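If you want my numbering, it's the 1-based position in the sequence shown plus 56. All residues carry an ideal CB built from backbone N, CA and C; glycine is no exception. Given the structure is predicted, the values throughout are model-derived calculations rather than measurements.
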Amino acid sequence: MLGICRGRRKFLAASLTILFVPAITWIYLFAGSFEDGKPVSLSPLESQPHSPRYTASSQRERESLEVRVREVEEENRVLRKQLSLAQGRGPAHHRGNHSRTYSMEEGTGDSESLRAGIVAGNSSECGQQPAVEKCETIHVAIVCAGYNASRDVVTLVKSVLFHRRNPLHFHLIADAIAKQILATLFQTWMVPAVRIDFYDADELKSEVSWIPNKHYSGIYGLMKLVLTKTLPSNLERVIVLDTDITFATDIAELWAVFHKFKGQQVLGLVENQSDWYLGNLWKNHRPWPALGRGYNTGVILLLLDKLRKMKWEQMWRLTAERELMSMLSTSLADQDIFNAVIKQNPFLVYQLPCFWNVQLSDHTRSEQCYRDVSDLKVIHWNSPKKLRVKNKHVEFFRNLYLTFLEYDGNLLRRELFGCPSEADVNSENLQKQLSELDEDDLCYEFRRERFTVHRTHLYFLHYEYEPAADNTDVTLVAQLSMDRLQMLEAICKHWEGPISLALYLSDAEAQQFLRYAQGSEVLMSRHNVGYHIVYKEGQFYPVNLLRNVAMKHISTPYMFLSDIDFLPMYGLYEYLRKSVIQLDLANTKKALIVPAFETLRYRLSFPKSKAELLSMLDMGTLFTFRYHVWTKGHAPTNFAKWRTATTPYRVEWEADFEPYVVVRKDCPEYDRRFVGFGWNKVAHIMELDAQEYEFTVLPNAYMIHMPHAPSFDITKFRSNKQYRICLKTLKEEFQQDMSRHYGFAALKYLTAENNS
57 MLGICRGRRK FLAASLTILF VPAITWIYLF AGSFEDGKPV SLSPLESQPH SPRYTASSQR
117 ERESLEVRVR EVEEENRVLR KQLSLAQGRG PAHHRGNHSR TYSMEEGTGD SESLRAGIVA
177 GNSSECGQQP AVEKCETIHV AIVCAGYNAS RDVVTLVKSV LFHRRNPLHF HLIADAIAKQ
237 ILATLFQTWM VPAVRIDFYD ADELKSEVSW IPNKHYSGIY GLMKLVLTKT LPSNLERVIV
297 LDTDITFATD IAELWAVFHK FKGQQVLGLV ENQSDWYLGN LWKNHRPWPA LGRGYNTGVI
357 LLLLDKLRKM KWEQMWRLTA ERELMSMLST SLADQDIFNA VIKQNPFLVY QLPCFWNVQL
417 SDHTRSEQCY RDVSDLKVIH WNSPKKLRVK NKHVEFFRNL YLTFLEYDGN LLRRELFGCP
477 SEADVNSENL QKQLSELDED DLCYEFRRER FTVHRTHLYF LHYEYEPAAD NTDVTLVAQL
537 SMDRLQMLEA ICKHWEGPIS LALYLSDAEA QQFLRYAQGS EVLMSRHNVG YHIVYKEGQF
597 YPVNLLRNVA MKHISTPYMF LSDIDFLPMY GLYEYLRKSV IQLDLANTKK ALIVPAFETL
657 RYRLSFPKSK AELLSMLDMG TLFTFRYHVW TKGHAPTNFA KWRTATTPYR VEWEADFEPY
717 VVVRKDCPEY DRRFVGFGWN KVAHIMELDA QEYEFTVLPN AYMIHMPHAP SFDITKFRSN
777 KQYRICLKTL KEEFQQDMSR HYGFAALKYL TAENNS
């Protein structure tokens, strides 16, 4: 639309120039050709050199006038050419709404004129607004609470980052859950020129808890009302967004609209596109007061400095108190109160064109906001149905949303060239560590993986668990990738206690997992399973990083370090809790070993007791784990003794020992240098031994490894000689580090390795 305005101005200016400049020039020339009321010839052919009136000075004047005439004619020719080009470009400007300077036509702020033509581009205002500076920081505020909202925020942020060309400062009003999730996510995302600040939503509850609210957003749906009080006092303006928003353009275009605010306009809002505030949707439907159709608060432009001067806090509180006397509660949370204030003070609002908030709830007028894809700016899934909403073009909107949902977030780590960014200690340390590596080293990729920062989304699904009060609770810890997803239901059936899982997935796979989990009755019935997504990056499977992530986020005093391919015996959870007390794990450094077995059968009648397991062992249905290929890994468990044992017994560490153990939550982490296949558990058990953990075998516990196709990493280990060479190098370096860290006692690991 701005293109049309510019075109009209160019057309008018050019026309006036073409018409008036020649006329004025020739009038001047014609007047100048008279002397003493008589015409003076300008033609050299008509000049009379012998005339007494002819002088050298008059000759120079005529020559200069002739030059000026030719200059004017040339200017006219150029103007005519520009005019024809401008007319030719006119339709193209009409079709598009994007502008490189973000100063496109945004709306008039006049409610009546906008209602008359709500389709994008119908406003008649043509004034060009100042562009957003290249490195100007754009401030965005979002209220976020809980596990589901945290997932939604990620998709919103992706859509903003995808289009942005400016530094961003996100102000997140979050509860404790959302803060934990999003703080870890952004810390590991490491996006340049993005700053995150958190504000405790729980501390703000008292500000709005007195307002009864029927909306599904609950008390958090009212917190946008207190942003003037919550956000920093020196912050002058902010864009406020709901979590169910998707951007289809650069947010700087919306930020530029602040320049259009006039007078006492302090709120930028899009008209509500449903008939909610018109009333009569059903019998006894009584909406809150609103100006016409009212305004939707999914996208708000707030001039914070002016709002504070107007005493916004007092204004909305008085309005809410007055209306609640008759309305009793809000139906649409903060939106009802915003509209009631605007009803009394319409001068506060600058009305945005509706393409800045295309509202996809049922029965809205959203289809009138766009004629073409290029018209879309912001999509708002403001129905409880979300992606299942009814809309003629919902498939297109859904695909656009899914594009960002499954978009690889690692690709958004783009530098904003030319814009200075704040010093990030973590980023600087990472660059320093990477610079110290030798890129010519054949094991460079292995070494680099140790320092790779993987984007991590904690508690991807709802998690709710309170550990047992007797301090005996145990969490099963494991890691997996997409190809082991089928094991989840079986493990949940075998282990009723809490579980902490780290999943190594791409963004698209994370959404496949979400759909899988939401479609599983078994998984949805369990709220004590923490799913932590570690996003894929690099060529290796970071097995020990995954284990560390899962270990770090447990809420119980003890953990059972398992693998996803194993099914624990029925009742193992309760048995381990009793063993914790019996063996005084709280006050001693013990690692309780759960003996591991395996089957080659995909369909197994799982043994319900030790006696049944021994019978299957004798019949060849079961084997001790890795008996055929890696006996040393579990031989120190002493399975012969376990067969008849009735009490726990101690075993000594041996080279390559890698049992599955129960330990306190404060045990050392796994060493990240080991990735993919090989030595990842062996190194951890070695460190437990170095820290003088006592290995104790549980006589009535067992776990069984289920068959599966070989992993990609074990295939690389078997087929790639350089892989094996690098693994051997990393082992030697680890043992040297152990010797330096633990001194003389750690020398036995070098000796044991040489003898094995």
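Of all C-beta pairs linking the segment 394-406 to the segment 364-379, three or more are shorter than 8 Å, placing the two stretches in contact.
Beta-bridge partners of V199 (DSSP): I229.
The DSSP assignment places complete alpha helix (DSSP H) segments of no fewer than 4 residues inside the segment 231-274 at 232-245 and 257-264, in order along the chain.
Under the 8 Å Cβ criterion, the segment 220-239 counts as touching the segment 247-255, having at least three qualifying pairs. Between L325 and N352, the C-beta gap is smaller than 8 Å, which places the two residues in contact.
P763 sits close to Y658, with the two beta carbons spaced by under 8 Å. Counting of Cβ neighbours within 10 angstroms places N438 among the buried residues, the total reaching 16 or more. Taking a cut-off of 8 Å on C-beta distances, the segment 191-199 does not touch the segment 510-522, as fewer than three cross pairs fall below it. Ranking P343, I194, L347 and D722 by CA distance to the CA of L297 puts I194 first. Per DSSP, A739 lies in no beta strand (DSSP E); the unbroken alpha helix (DSSP H) holding it starts and ends at N736 to A746. Sequence-distant partners of Y500 (beyond 5 residues in either direction) whose C-beta falls short of 8 Å from its own C-beta, in its chain, are L493 and D494. For G732 against F596, the beta-carbon gap comes to about 5 Å, under 8 Å, which counts as contact.
Burial check for I741: the Cβ neighbour count within 10 Å reaches 16 or more, so the residue is buried. If one requires a minimum length of 4 residues, the alpha helix (DSSP H) runs lying completely within the segment 624-663 are 628-638, in chain order.
In the pairwise beta carbon analysis, the segment 574-590 is classified as not touching the segment 716-734: fewer than three pairs are separated by under 8 Å. Under the three-state reduction of DSSP output, T528 falls in the coil class, being neither helix nor strand.
Counting only residues of its own chain and dropping the five nearest sequence neighbours on each side, R469 has a CB closer than 8 Å to the CB of W245, M246, V247 and P248. Your pair I760 and F653 checks out as a contact, with CB atoms roughly 5 Å apart and the cut at 8 Å. In the structure shown, N352 falls within a strand segment according to DSSP collapsed to helix, strand and coil.
When secondary structure is reduced to three states using DSSP, F218 falls in the helix class. For I589, the uninterrupted beta strand (DSSP E) segment begins and ends at V585 to Y591.
DSSP lists no beta-bridge partner residue for S206.
Less than 8 Å separates the beta-carbon of L632 from that of V530.
Here K280 is buried. Its C-beta has 16 or more other C-beta atoms within 10 Å. Looking at the DSSP output, M759 shares a beta bridge with P624 and A652.
Shown here, T386 sits in a strand according to DSSP, grouped into three states. For Y560, there is no enclosing alpha helix (DSSP H); the residue is part of the beta strand (DSSP E) that begins and ends at I555 to L561. Annotated three-state conformation of I610 is coil, per DSSP.
Taking all protein chains in view, the Cβ of K365 is surrounded by fewer than 16 other Cβ atoms within 10 Å, so the residue is classified as exposed.
Taking the Cβ atoms as the reference, I620 lies roughly 5 Å from A534, within the contact range of under 8 Å. Residue pairing by DSSP puts A534 in a beta bridge opposite L557. Fewer than three Cβ pairs drawn from the segment 298-306 and the segment 335-347 lie within less than 8 Å of each other, which leaves the two stretches out of contact.
In terms of CA proximity to L601, N736 leads the group L360, K772 and N736.
Excluding five sequence positions before and after W311, the CB atoms of its chain that fall closer than 7 Å to its own CB belong to V188, I194 and I295, given in chain order. If you look at H797, you'll find it in the alpha helix (DSSP H) that goes K777 to Y798. Taking 8 Å as the cut-off, the Cβ atoms of K214 and Y463 count as close.
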